[in-house]
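Below is one structure, written out as structure tokens; the observations come after it.
Numbering (mature numbering (1 follows the signal peptide of the UniProt record, and there is no 0)), first residue to last: -20 to -1, 1 to 177.
Laid out in structure tokens, this is it:
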């Protein structure tokens, strides 16, 4: 057990100390990236204000670059509007121990004070929502009105991606907690494995 603990500590230190002072963070273009063993669950009770009800993705493994088929449904009993905080906890399995990955350059286990602002950075206000969201009338900007949302089975093309150098092959869990000031709204946990050449 002590040996596993020391290996985990060494891995965390290498992530934090190895080139952590770079600006911008060192990115790597992964070739033949595969995401496998994708699974998800809500972290809270089924009556949480914001809830993902269904999510399916295929194939398994998901090849990047490549095609992805996905469908999802969810609901919110409250309007989701700015400031909409998002707390992300990223963990990696190292020698059988789950190690929390620190927040490095806004990636990893980070607190984002306003997820609405993140959406605006990804899709500038005034720009149409990307397909297939646009076709199905699904919003991609705050506010998200209270109600149910559904994305029928849809195809997406996943292009090559540049990821941080420390995001290496292995098993990961990502937990996201969404909240408004003074109120936690929902929690989602995703598990997956990454593999690249």
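The beta-carbon is built from N, C-alpha and C at its ideal position, and this holds for glycine as well.
If you run the structure through DSSP and keep just helix, strand and coil, what is residue 86? coil
Go ahead and label residue 115 buried or exposed: buried means 16 or more other beta carbons lie within 10 angstroms of its beta carbon, across all protein chains shown. exposed
Assuming the contact rule is C-beta atoms closer than 8 Å, residue 16 and residue 40 should be a hit. Round their C-beta distance to whole Å, please. 6 Å
Just how far apart, CA to CA, sit residue 118 and residue 100? 15 Å
Would you mind working out which of 49, 163 and 20 sits nearest residue 136, comparing C-alpha positions? 49
Pairwise C-alpha distance: residue 172 and residue 152: 5 Å
Taking Cβ positions, are residue 10 and residue 138 nearer each other than 8 Å? no
Can you grab the Cα-Cα spacing for the pair residue 58 / residue 177, in whole Å? 44 Å
Report buried or exposed for residue 146, applying the criterion of at least 16 other Cβ atoms within 10 angstroms of its Cβ. buried
Is residue 61 closer than 8 Å to residue 123 when the C-beta atoms are compared? yes
Can you list, in chain order, the residues of its chain whose CB lies under 7 Å from that of residue 45, leaving out five sequence neighbours each side? 138, 139 and 140
Are the Cβ atoms of residue 22 and residue 167 separated by less than 8 Å? yes
Going by the beta-carbon positions, is the gap between residue 158 and residue 66 smaller than 8 Å? yes
Keeping to the same chain, check which residues put their C-beta closer than 6 Å to that of residue 154; ignore five residues upstream and five downstream. 70 and 170
DSSP bridge partner residues for residue 167 (one or two, in chain order): 157
Could you work out which residue in 53, 90, 165 and 149 is closest to residue 178 when comparing CA atoms only? A question about residue 178 goes unanswered here, because the residues of the chain that appear run from -20 up to 177.
Does residue 97 come out as helix, strand or coil in the three-state DSSP assignment? helix
Residue 70 - DSSP class collapsed to helix/strand/coil: strand
Which whole-angstrom value is the C-beta distance of residue 112 and residue 131, which I expect to be below 8 Å? 7 Å
Inter-residue CB distance, residue 134 and residue 28 (contact presumed, cutoff 8 Å): In fact, because the Cβ distance is near 25 Å, the residues do not count as touching under 8 Å.
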